[in-house]
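Student:
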Amino acid sequence: MASLPLARAAIFSLLLLLVAATRAHAATPATVFDDIKARATPDEIYRLLFALPKGGDLHHHSGGGVPMDYVVEYYTNPARNRGQKIYLRTTIADVPSAPTPAMSAVLVHVFRESTWKTYSPALRDQWKLVTDLTAEEKVAWLSGLKVDLPGEGRDAFF
């Protein structure tokens, strides 16, 4: 089996050939991709998308795209996250010149320890390891990951 760099190079070459072949017809990105889909096998399409950054998903907020049970398991299980320490903002206090997200974002945004360490001590105090959450904080966090309360809707996330 070809190495991953060689496979990516082959896929990229295929893509360039298809783009060049359709360029004479003033193709748009959509028509180029439609042409690729028409000519390529399902396996070739899979390999092409897999080789693209983020699997071809160029803008994605994972909420809704990933089962929340998986997210929680990843954040809280060192065997799954390779021992990373994940922090969750649990309070908001006035810290001059510190970034302050909207209240609805408090129990949704998480950061790795490497990001948390860049904060001032006063700002760090507003974050907690997800593995150290109290039962009440965990319930609030999990609720913030889904629309589960009366009156919640799109505004809860945007």
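Sequential numbering from 25 applies to the sequence shown in the working numbering. The C-beta atom is built at its ideal place from N, Cα and C for all residues, glycine as well. Since this is a predicted model, take the numbers as computed values, not measurements.
CA-CA distance, Ser144 and Thr55?
Tutor: If you take the alpha carbons of Ser144 and Thr55, they lie about 50 Å apart.
Student: Looking at Arg63 and Ile35, is the spacing between their C-beta atoms short of 7 Å?
Tutor: Their beta carbons are not under 7 Å apart, which means Ile35 does not touch Arg63 by this criterion.
Student: In its own chain, which residues sit with a C-beta less than 7 Å from the C-beta of Trp140, not counting the 5 before and 5 after it?
Tutor: Within the same chain, Trp140 has close Cβ partners Tyr111, Arg148, Trp151.
Student: Taking the beta strand (DSSP E) that Arg136 belongs to, which residues open and close that run?
Tutor: From DSSP, the beta strand (DSSP E) with Arg136 extends over 134–136.
Student: Between the alpha carbons of Trp165 and Arg106, how many angstroms are there, rounded?
Tutor: Looking at the two C-alpha atoms, the distance is approximately 22 Å.
Student: Classify Leu104 as buried or exposed, calling it buried when 16 or more other Cβ atoms lie within 10 Å of its own Cβ.
Tutor: The sequence shown places Arg at residue 104, not Leu. The residue is exposed, with fewer than 16 neighbouring Cβ atoms inside 10 Å.
Student: Look at the alpha carbon of Thr52 and the alpha carbon of Val90, and state the distance between them as a whole number of angstroms.
Tutor: For Thr52 and Val90, the distance between alpha carbons rounds to 31 Å.
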